[in-house]
Amino acid sequence: MMLRKTCGLVLGAWLVCFFPGSTSGSLPNADLVCPPDILKVDKYQVLRALSLDLRGTIPTLDEYALLDELDDVPEWLLDDWLDGDEFVEQTVRNFREIFWPNITNFPLTNFRAAFSREPGSLLYWRKGVAATYRNKVIPCRDDKVDPDNTEIETVADGSGGVQEGYRWILPYWESNPTKKVKVCAFDAQEALVSPTATPCGTLEGQKDPACGCGPDLRWCRYGGTYLAINRSMAEAFEKRIGAVIGDDLPYMALFEDNRAWINGPISFFLHNQVGVPRINRFTPRALPLEDIPVLDFLDDTWVEITLPDYHAGLLTDPMYLLRFQTNRSRANRFYNGFLCEPFEAPEKGIALASTLHPDLQQREGCDYCHGRLEPAAAFWGRWGETGAGYLNPVDFPPLRADCEICALTGQLCGDECKRFYLVNAVSPAEEPYLGMLNSYVFRYDGHMKNVEAGPRLLAMKGVVDHRLPRCVANRAAEQLFGRSTDVVDKEWIDTLAVDFAASNYSYRSLVKQIVMSDAYRRLR
Amino acid sequence: MNRKRIVSFGWIIVLSAMAAVACNAQGPEAESLSVHISAVQQSERVPVSGAMSPAVEAPLVPLIIRHRRRMNIDQLDKAFRRVTNGVGWDEDGKNQLEVLDQTLGKPDYVDVTQEDLSVSTLFLKFLDDAARWICTTHLDAELAALPGERVFWVHADPSDTWETNPEAVVANVQMLLMRYYGRRVGVDAPEMEPWRWFFESSSHVSEDPRDTWHGLCVGLLTHPNFYTY
């Protein structure tokens, strides 16, 4: 009996030795446990790993057979794969870890502009504005109106409401011209301007009973039409990454290259639906309307455009600005993704603030992160929060007279002042900044330039002090090695970063250097 | 009784010593990082006096290594199609890996932002489902294809068994191990034994050799050598 137990004990010890995956760090005899084996993989396994990392799939039999007479994977094959579209696709996929490119969880247009249909009914109508038309939240009658009659005639419903009939409309989201839909006549109105001079394709227009959804219902949305727009924005964003990587441009082009792509849904949105925003606003426009090609909503072709110089590549792309809606979150993401410096509290925690200073850079405890985060967020100071608009320096100077008057007297308080300027000080410390652009509030002299320079300067600073190339090298190594880097890797990562800079920031060269290393051929 | 205990205790010591020796007898590549680091620290303590320093063994530096990891769902989908000449888990006309991608660890970047590449029970369950469906579809297509167009039965016939045509079966298994795993396995290599055992065992369960080949296909797709790298 005892012997059996003994054998079991010894067998257990042997098992620990021969199954290196078993963890033993928490055992009291951890120092007696064998370390895991490190396997030097053969050329075929290297080829398989390379193919999965660079192309996202395994090699073919013919590709394996290429190696039969060779000692290792030939460099020309590696170059071939790095030049291919599949490598671009893999790299774009890897970038998702940084950018989280999904903005499908919110429509960009207002609820007033949203069509609905009751179960079993074919009538399209908008609940959000129904009371404006019919005194009650009810749809129209299922009676076709006379198409020649420009007046909308209503019939009382007997309980305080009125109802009109419907018109047949071919909506912008329908490609088949025979598939017109029944739209309540008020909602189907096509006037561009109401008799009271309200532009109909605006939020104000949505409250005017003489305004509808416009020609082909262009100012309104139905069901998942907004998804096509939001998904297109994410796709356009990734096309920009793909273009930089595919052309093997210097990595910095991600923050400088102002080539962008627009398809039907994006073009349609920018031309027709920016005026009826939900929460996120695209005004003031970051791109002149005349520079946006006019495409049909259903047009899935991509048209390349060049953005104005004040754009900063991906960092001012609508997808980035919408995914990270505040300037702090935009800076935070950049610090995480490209400088590998997350804003985290120290292990020992942060002391509670004895006084709540309104400037987070000075508030005790908060200053630990916000001392860096506030000036970093200022780089996006000319990009609207909760939206993707651009505040040009001419129309939005650091101190604007009407906004200062608004702040001091309560007069001239226009929408722009309320949205972008400090017009209400909640503490004496804010009073010196009344009438100033929000991004200038609590800015130190040395940080004022951040607002005007934009996020491109932030990226450049990361290059100059070498934090960015080191972070890029570190991330690439982690992705290709399937693990976090640690102190053992530090010197190697430093070397990679230096070589990355020496290659004019060629991401392809960086990846090549990593996968050609001996380290890539050692597997645990 | 006491004597027995003493003898048993002696066995514990002897066998434990054997185990410890076995641990230490691992190859040089298995040396722990702590050993390497201490060696480096030791080398740094060599006095710099201008005189010739004592020789220090060169290769004692921390090893930088890659970790074996699971394919992500997109890689798995492409790998399925690569080995089967285009057959994926397209059950009910839909790619089930796309339907289940979030369940299988693919982030949506709204609620989940980190890819889960763990080999979870859930992953293995769906991998098994996928493998069975793919192998049924794949082998049906293979049976319908001309021999020259096949990618599964390249060196063997569907009716071949280890007993009736061992050379062809071994050659075919070798080819499949290369196609699925990228492993060049010799005819008499130890890695061939589990597959030989599988073939022989399977023949006791079903008399139809195609069932054995189907089992082999599922085994190939659900083995860690396939879905990790």
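Taken in order, these protein sequences are the chains called L and H. Per the numbering used here, the very first residue in the first sequence carries number 15; after that it's consecutive. Per the numbering used here, the very first residue in the second sequence carries number 218; after that it's consecutive. From the three backbone atoms N, C-alpha and C, an ideal C-beta is built for every residue, glycine too.
With fewer than 16 neighbouring CB atoms inside 10 Å of its own CB, L/N119 falls in the exposed class. The beta carbon of L/E83 sits no closer than 9 Å to any beta carbon of chain H. Inclusion of L/K54 and L/R535 in the CB contact set at 9 Å is warranted, their separation being smaller than that value. Beta-bridge partners of H/R283 (DSSP): L/L537.
In the DSSP annotation of this structure, the continuous segment of the beta strand (DSSP E) that includes L/A274 starts and ends at 273 to 276. DSSP places L/R140 outside both helix and strand once states are collapsed to three, so it counts as coil. Residue contact check for L/N116 against chain H: a CB pair falls below 9 Å. Contact with chain L is found for H/V327, since one of that chain's Cβ atoms lies less than 9 Å from the residue's Cβ. Using a Cβ distance threshold of 9 Å, L/A473 and L/F357 do not count as a contacting pair. Taking a Cβ-Cβ cut-off of 7 Å, the neighbours of L/W506 in chain H comprise I281, given in sequence order. Note that the C-beta distance between H/R285 and L/R538 is below 9 Å. DSSP lists L/Y404 as the bridge partner or partners of L/W397. Spatial neighbours of H/A388 in its own chain (CB-CB distance under 6 Å, excluding positions within 5 residues in sequence) are listed in chain order as H372. Rounded to the nearest whole angstrom, the CA to CA distance from L/E466 to L/G174 is 56 Å. As computed with DSSP, L/P264 is found in a beta bridge with L/S520.
Nearest CB-CB separation between L/D503 and chain H: below the 9 Å threshold.
For the stretch 339 to 366 of chain L, the full-length alpha helix (DSSP H) segments reaching 4 residues or more read 341 to 352 along the chain. The Cβ of H/G399 sits closer than 9 Å to at least one Cβ of chain L. Here L/V169 carries a strand assignment [DSSP, helix/strand/coil]. Scanning chain H for C-beta atoms nearer than 9 Å to the C-beta of L/L537 yields I282, R283, H284, R285, Y446, reported in chain order. At a cut-off of 9 Å, the C-beta of H/E332 has a neighbouring C-beta in chain L. For L/K193, there is no enclosing alpha helix (DSSP H), as DSSP marks it with neither H nor E. H/Y446 carries a coil assignment under DSSP once its states are collapsed to helix, strand and coil.
Within chain L, the C-beta atoms nearer than 7 Å to that of H/M288 come from L66, in chain order. Counting the other CB atoms within 10 Å of its CB gives L/K432 a total below 16, which places it among the exposed residues.
L/E378 is a Cβ neighbour of L/A365, given a cutoff of 9 Å.
If the five residues before and after H/Y398 are omitted, its C-beta is found closer than 7 Å to the C-beta atoms of N442, F443, all from its own chain and listed in chain order. Exposed is the label assigned to L/E505, since fewer than 16 other Cβ atoms lie within 10 Å of its Cβ.
Between L/P332 and L/A402, the C-beta gap is smaller than 9 Å, which places the two residues in contact. In the DSSP assignment, L/V317 falls within the beta strand (DSSP E) that extends over 317 to 320. L/D86 and L/E361 have their C-alpha atoms some 46 Å from each other. Distance check between H/T353 and each of H/T429, H/E315, H/M392 places H/T429 closest, using alpha-carbon atoms only. Comparing alpha-carbon positions, the option among L/L284, L/P322, L/R295, L/D222 lying closest to L/P307 turns out to be L/L284. Per the Cβ contact rule, the stretch 214 to 229 of chain L is in contact with the stretch 187 to 203 of chain L (3 or more Cβ pairs under 8 Å). Relative to the Cα of L/S441, the nearest Cα in the group L/H371, L/T297, L/S453 belongs to L/H371. DSSP places L/Y180 inside the beta strand (DSSP E), whose first and last residues are 180 to 183.
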